[in-house]
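In the numbering used here, the protein residues as written are 13 to 318.
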Amino acid sequence: MTITTLCAAKRIVKATLTNQLARFAPAWYVRFTGETGRGLDEETSAQAARYFQRCFDDYFAKLGVAPSAISAFLAGKHILEYGPGDLPGVALLMIAHGAESVVCVDRFPLVQLSEKNLAVIQELLASLGKEAQQRAQNCMLEVNSPAAGFNPEFIRYHIDPNGLSGLRDQIDLVLSRAVLEHVNDLPATFNDMYVAMKRDAIAIHQVDLKSHGLHLSNPLDFLYWSESLWQLMYSHKGVPNRLRVNAYRAILAQTGFDIVTLEPTLLADTSDVSLVRPKIAESFRHISDQDLRWLGFWLVCRKKEN
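Below, the structure written as structure tokens:
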């Protein structure tokens, strides 16, 4: 047995065992890994607040909504956010700027009003104007008391093993950031989204197709693993599902969305594709070199009018 083979065998055993922990004790696994939904790097409350503000700003920049028009755009809107992480910071900003309600859906029970997250909320509140701050305060169970939690009439957190909302014809705007690449059933997620949305509603997603630290030397070498081995090692951990941009195009067409924007945020070098092409798993061999290059993208889509 070569060193490379031995290392691969050890990785398979370790990943498979921890995958079973994630399957049967998801809450414990989340606490053990320290997952926040924003990556595993240490961050201050100010940095986390800036992250949420950046997410908020990016959505409206990509939608072509000027900062001065955001409140009018959001007025009365019901929003669905997939994968909010351990704190619904974007949801709080949406309410502060005029949204009627936000439903936050996740596969894992990440949300926690820890001392650090309460400090993040205070940072967000301090960044708001007087009227926006008041709206944000009003969405809490106790005004001026973030520790009491959020009023579900305004911000509702829904846990589902498959990350599905189960809503129907209620949503005006759907959003996510670095979430869709983690879902365990992408067609079901887009179908859930479509059914939840009102006619002519908009969805906006930033998708990260990178390995999330699971590659070795080439950003695409995590595509070497067969689908069966990948599922054995990672199916319950929320790691990337490895679907490439071609799969998203096909699912969008099958579901019935109109694509408004689909543009890459990062492309792999052509040399990276050439190096991995002979070794990638069978399920990826039909994908064009150009589509394999996509390491992330913005998607804006609209539910078709009948």
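Where is the CB? At the ideal position from N, CA and C, for every residue including glycine.
Inset, instruction - Please state whether DSSP places Gln218 in a helix, a strand or coil. - result: Looking at Gln218 - three-state DSSP - the assignment turns out to be strand.
Inset, instruction - Could you name the residues of the same chain whose beta carbon sits closer than 6 Å to that of Val207, not counting the 5 residues immediately before and after it, in chain order? - result: Cβ neighbours of Val207 beyond the five flanking positions: Arg180.
Legend entry - Segments of 4+ residues assigned as alpha helix (DSSP H) that fall wholly inside the region 104 to 150: 127 to 138 and 142 to 150
Inset, instruction - Look at Ala61 and Ser139 and say whether their C-beta atoms are less than 9 Å apart. - result: yes
Inset, instruction - Mind checking which residues open and close the beta strand (DSSP E) that includes Ser188? - result: Ile183 to Arg189
Inset, instruction - Identify whether Pro276 lies in helix, strand or coil by the three-state DSSP scheme. - result: strand
Legend entry - For Ile82, the first and last residue of its enclosing alpha helix (DSSP H): Ile82 to Leu86
Legend entry - Proximal residues to Thr14 (C-beta, below 8 Å), its chain only, five neighbours per side dropped: Reliability of the predicted coordinates at Thr14 is poor, the pLDDT of 40 falling under 50, and the value obtained from them is presented with this limitation in mind. Nothing meets the Cβ criterion.
Legend entry - Nearest residue (CA-CA) to Ala144, options Ala111, Asn163 and Ala131: Ranking the options by Cα distance to Ala144, first place goes to Ala111.
Inset, instruction - Specify, as a first and last residue, the run of the beta strand (DSSP E) that Ile292 falls within. - result: Careful: Ile292 lies outside any beta strand (DSSP E) and carries neither H nor E.
Legend entry - Beta-carbon gap between Phe309 and Val272 smaller than 9 Å: no
Inset, instruction - Could you have a look at Leu52 and say whether DSSP puts it in helix, strand or coil? - result: With a pLDDT of only 47 at Leu52, under 50, the local geometry of the prediction cannot be trusted, and the value read off the model is given with reservation. In the structure shown, Leu52 sits in coil (DSSP, three-state: anything other than H, G, I, E or B).
Legend entry - At least 3 beta-carbon pairs within less than 8 Å: the region 183 to 200 vs the region 217 to 224: yes
Inset, instruction - Evaluate Asn253 with the Cβ neighbour count: other Cβ atoms within 10 Å of its Cβ, from every protein chain shown; 16 or more gives buried, anything less gives exposed. - result: buried
Legend entry - Whole-Å CB distance - Leu92 paired with Ser177, under 8 Å assumed: Contact between Leu92 and Ser177 holds: CB atoms are separated by about 6 Å, below the 8 Å threshold.
Legend entry - Identity of the residues DSSP links to Ile171 by a beta bridge: Asp118
Inset, instruction - Out of Thr267, Asp281, Asp284 and Tyr260, point me to the one whose CA is closest to Leu274's CA. - result: Tyr260
Inset, instruction - Using a threshold of 9 Å, state whether the C-beta atoms of Leu226 and Phe234 are closer than that. - result: yes
Inset, instruction - May I ask you to report which of helix, strand or coil DSSP gives Asp98? - result: DSSP places Asp98 in coil when its eight states are reduced to three.
Inset, instruction - Would you mind stating whether Thr282 and Asp301 have Cβ atoms separated by less than 9 Å? - result: yes
Legend entry - Three-state secondary structure assigned by DSSP to Asp301: In the structure shown, Asp301 sits in a helix (DSSP, three-state: H, G or I).
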